[in-house]
Every structure is written in structure tokens, then in C-alpha cells.
Amino acid sequence: MTQTPQLSIVSPVYEAEAVLPLLLEQVHATVEGLGCSYEIILVDDGSSDGSWQYMQAQARCHEHIKAIRLSRNFGQHHAITAGLDIARGEWVVVMDCDLEDPPQAIALLWEAAMVGDCDMVLARRIYRRHAFYKQAGGRLFYHLLHWLSGRRYDPAIANFGIYHRKVVDTLRRMREPVRFFPAMVQWTGFKSKTIDIVHQRRPDGQHSSYNLHKLLSLAINVMLTQSARPMWLIVQLGIGFAGFAFLFSLITLIRYFLGYITVLGYASLMISIWFLAGVLLACMGLVGLYIGKIFEAVQGRPLYIISESVNVPTSEHRNITVGQ
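Here the sequence shown stands for residues 1 to 324, numbered as in UniProt numbering.
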């Protein structure tokens, strides 16, 4: 395929052998009706099932399908980055492969983008069909992320959306090792609008691999790379303790000179020492986490490694240039 397509569809794939045939069928049926040239980019993020074999076979039969296999599981947001690095379209759709976001909505995203009054159109999920505990975990994740980073995120908006080439090129220049696609998109500040879509259940009955532990870990990692707010919280905590210590010392001196204190309490002294020691260790640990993230960033390792690909020339493996 030498002609630059008008539309690229990027989808990270992980353990999705059962849903890939239906995904491609619905994407083809939808995009063919748009009357535009297009390409489909599937990125296998270290699946252990037959996902890669199916992607490989489809790409060999259809020139407009590009299949990429990463050397191991780098994570969903790194896989999205790999797809964006390969995508050539003027507009790029990013969508998960699990069919929880209906491919038919690509037509709605395309129509909204063609109006020309924005640089990206984001899909907002309504009537979410996750189990209660999954929805509660998601809300906790976004509330924690908001509190830690100081930025507000809509929990109904995930990766599904259509992005203009200038947005994609900006995202490609962001090479930090900890990646969270919605936060990166919001940071760019390009003009956006949303459309409502109906969230669907995954056809194969499987559930998302994001459990509560992974969500909390992701929130902390994103916080460490997106904001210095926790460091300011430490400063405020230190000022608060200093103010409390000053008032407590003043009250203690007054009580001493008035004769109310004869022997200082051992229990209160030990409690204060252990409490302050815990706070200091926690603060040192947080500083250590920031230093650790800086260490990861300066190592300059590629965000992902492509082990195999079909319909992707070696010249398009742009991740080789670190920091691009």
C-alpha cells in the first residue's frame, strides 16, 4: 500500500483470539461504508493464545491490514504507541480489541471529525456494563488520579476516539516510559468534543485484565510522571507539623511555668517519635519513587520492541530512534 490512507485504525491486542474475527468483520463493514481509504493496524502485546497467528494470516491476505508483534507484554498503552508510530492516516482511530466499544461507532466518530471544528473526537461510554466492583474500582482509580495529579478525568472516556494527524504526531513525541493514553491526550490541549456510545459486554465473556491492584499501581505511576503535586503535599505536611509543634511547644511552656507539668509523659513522647519517624520514612520513600522514575527515563530504552511484522517495512519501525 503506497497511497497514504485517509484513516488508520489502531487496536492493541492481548489474548483476543476469540474476538478478532468479529472485530475485523465489523470494522471492515463500518469503514467500507465511509468511502475513504484506510488501514488497520493490529498490535499483539505478547499474547500467549493464537492471536498473532490469526493476525498474521489476515495481514498476508489483506494488504491494508498491518500486523505487529511485540517481543513481550509491554502494556496496553505502549502497544497503542507502537500502532501510532506505524499509522500513516490523516485521521487515526484508537480502539480496544475486545468489542466493548462498538466498531459501528467509528462512523459516528468520522462524521463528527469531518465537521472540522475540532482536532479529536472522544467516545464517552454510557450504560456501562461492567460488574459493580469493576465500576467501583474504575471510579476509585480516577478519583485517586485526580487527587494525586490535580487533573480531572472523565471515567466514561477511555482510549476510543479519532485523532487528527497533528495530535498523533504530538503524542508520538511524548516518549516517557510510564504511559497512560487518556492523560497524554488531555495534556496536549487540542480542541476536542465527545459523542456518547453504548458500552457493550465482551462477546467471549472474558473480563478486563485490569484488576484493582493494577489500577492503583497505574494511578501511582501516572501520578509520579504527570505531576509534582505529591511533593507539594509533603511540603504542606511539613509546614503543618512545624506549626503544630510550635503551638504544642508554646502550650507546654506555659503549662510548665504555671506549674501544671511536673513529669513529661513517656507514652506521648514515644507515640510522637514513632509517628514522626513513619511520616519521614514515607516522605523519603516518595522521593525515592520519583528518583526511580527519573532513572528509568534517563536509561533511554525503547518503549517497545517489534519482534515480527507483516505489511510493515523495516523503515517504519520508528521506535528504534529513542526520544523521537
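All residues carry an ideal CB built from backbone N, CA and C; glycine is no exception.
Which value, in whole angstroms, describes the spacing of the CA atoms of residue 279 and residue 257?
Spanning the alpha carbons of residue 279 and residue 257 requires a straight line of approximately 31 Å.
Per DSSP, what kind of secondary structure is residue 174 in: helix, strand or coil?
Assignment of residue 174 by DSSP, reduced to helix, strand and coil, places it in the coil class.
Contact check, residue 94 vs residue 160 under 8 Å by CB: the rounded distance?
Indeed, because the Cβ distance is near 7 Å, the residues count as touching under 8 Å.
Tell me which same chain residues have a C-beta within less than 8 Å of the C-beta of residue 303, skipping the five on either side of it?
Excluding sequence neighbours, residue 303 sits near 74, 78, 81, 82, 175, 177, 179, 319.
At the level of alpha carbons, what is the spacing between residue 241 and residue 250?
Distance between the alpha carbons of residue 241 and residue 250 is about 14 Å.
Residue 69 - containing alpha helix (DSSP H), residue span:
No alpha helix (DSSP H) holds residue 69; the beta strand (DSSP E) holding it covers 65-70.
From the DSSP output, read off the bridge partner residues of residue 193.
Residue pairing by DSSP puts residue 193 in a beta bridge opposite 121.
How about residue 225 and residue 166: are their beta carbons less than 7 Å apart?
For the 7 Å CB-CB criterion, residue 225 and residue 166 do not form a contact.
Using the beta-carbon count (16 or more within 10 Å), is residue 89 buried or exposed?
By the neighbour-count rule (16 or more Cβ atoms within 10 Å), residue 89 is buried.
Have a look at 252, 301, 312, 223 and flag the residue whose alpha-carbon is nearest the alpha-carbon of residue 289.
Per the Cα distances, 223.
Based on DSSP bridge pairs, tell me the residues matched to residue 11.
Bridge pairing for residue 11: 42 [DSSP].
First through last residue of the beta strand (DSSP E) which encompasses residue 87:
Looking at the DSSP string, residue 87 is not in any beta strand (DSSP E), and its letter there is neither H nor E.
Which residue or residues does DSSP assign as beta-bridge partners of residue 163?
In the DSSP secondary-structure assignment, residue 163 is bridged to 92, 120.
Are three or more beta carbon pairs between the region 186-193 and the region 103-110 nearer than 8 Å?
With a cut-off of 8 Å on Cβ pairs, the region 186-193 is not in contact with the region 103-110, counting fewer than three such pairs.
Is the separation between the beta-carbon of residue 64 and that of residue 32 shorter than 7 Å?
No; because the gap between Cβ atoms is not below 7 Å, this pair is not in contact.
What residues in its chain sit with their C-beta under 7 Å from that of residue 36, if we drop five residues either side in the sequence?
Answer for residue 36: 6, 7, listed in chain order.
Check for me: the alpha helix (DSSP H) holding residue 51 runs from which residue to which?
For residue 51, the uninterrupted alpha helix (DSSP H) run begins and ends at 51-61, by DSSP.
DSSP on residue 17, reduced to helix/strand/coil?
Three-state result, residue 17: coil.
I need the DSSP call for residue 298, collapsed to helix, strand or coil.
Note: residue 298 maps to helix in three-state DSSP.
Distance between residue 269 and residue 185 (C-alpha atoms, nearest Å):
Whole-angstrom Cα-Cα distance: 50 Å.
Check the C-beta distance from residue 86 over to residue 312 and give it rounded, since I have them as a contact under 8 Å.
Sure, about 6 Å apart at Cβ, within 8 Å.
Between the C-alpha atoms of residue 232 and residue 282, what's the straight-line distance to the nearest angstrom?
Cα-Cα distance, rounded: 14 Å.
Of the choices 34, 21, 255, whose alpha-carbon is the least far from that of residue 57?
For residue 57, the closest C-alpha among the options 34, 21, 255 is that of 21.
Label residue 248 either buried or exposed according to how many other C-beta atoms from any shown protein chain fall within 10 Å of its C-beta, with 16 as the threshold for buried.
The Cβ neighbour count for residue 248, taken over all protein chains shown within 10 Å, is under 16; the residue is labelled exposed.
Got a sec? Which residues, its chain only, sit under 7 Å from residue 274 by beta carbon, not counting five neighbours each side?
Nothing meets the Cβ criterion.
Nearest to residue 200 by alpha carbon, out of 44, 217, 97?
Comparing Cα positions, the closest option is 97.
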